[in-house]
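In the working numbering, the protein residues as written are 5 to 159.
Just so you know, even glycine gets a beta-carbon here, dropped at the ideal spot from N, CA and C.
One structure is given here, and the rest of the page talks about it.
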Ligand SMILES: CC(C)(COP(=O)(O)OP(=O)(O)OC[C@H]1O[C@@H](n2cnc3c(N)ncnc32)[C@H](O)[C@@H]1OP(=O)(O)O)[C@@H](O)C(=O)NCCC(=O)NCCS
């Protein structure tokens, strides 16, 4: 029997979502010893205004984090910008639209904060993520590091 389409919803993370994020991301893991998503205490101390979670039929399936920053060294013409630092969907839910839904909601949030430029990075071999970013209008801007940019929409 064909499976029914599942409904993806995206919302701001609350305190009660934080243990689920750490369990997904991997306690003790992360890119660096200070990575907030690998440690519940650190995550509790992290601002939650850019922390979104996705649910598939009401079950947690992933998160995205963005924050505001200024003057990226790799784009000196840009002043205020948003950096999307994390986007992770649990393996069993990948390919079901949750990554796109998180990205779209983050872009909407960033736009409504009046921020034009958005930057993010990904790995050379992460074709899946690169496809998603390109499909959502991002363009690769730096050689070497796989860095994408979504420019401000024309007025
Ligand atoms: C990359 C990731 C965030 C994408 O999220 P997702 O929920 O799996 O993707 P979606 O179902 O929303 O698909 C969105 C787009 O991603 C791309 N994509 C998804 N699955 C893909 C696959 N298996 N192969 C190639 N591209 C794929 C496609 O462009 C797709 O859009 P399309 O079907 O219209 O072409 C997710 O797979 C993930 O968390 N991967 C592991 C962690 C990671 O790599 N994070 C990104 C770090 S920068």
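Taking 3 residues as the shortest admissible run, the stretch 59-137 contains the following complete beta strand (DSSP E) segments, listed from N- to C-terminal end: 63-74, 84-93, 121-126. Distance from the Cα of residue 124 is smallest, within the candidate group 139, 86, 54, for 86.
At the C-beta level, residue 101 and residue 12 come within 8 Å of one another.
DSSP places residue 22 in the uninterrupted alpha helix (DSSP H) bounded by 22-29. The closest CA to that of residue 74, considering only 155, 121, 93, 133, is found on 121. Looking at the backbone, the Cα of residue 132 and that of residue 98 are separated by about 10 Å. A direct Cα-to-Cα measurement between residue 130 and residue 145 gives close to 16 Å. Not one heavy atom of ligand 1 sits closer than 7 Å to the Cβ of residue 149. Judged by DSSP secondary structure, residue 151 falls within the beta strand (DSSP E) whose first and last residues are 150-154. Counting only residues of its own chain and dropping the five nearest sequence neighbours on each side, residue 89 has a CB closer than 8 Å to the CB of 69, 70, 71, 124.
Distances taken from the Cβ of residue 154 to the heavy atoms of ligand 1 include none shorter than 7 Å.
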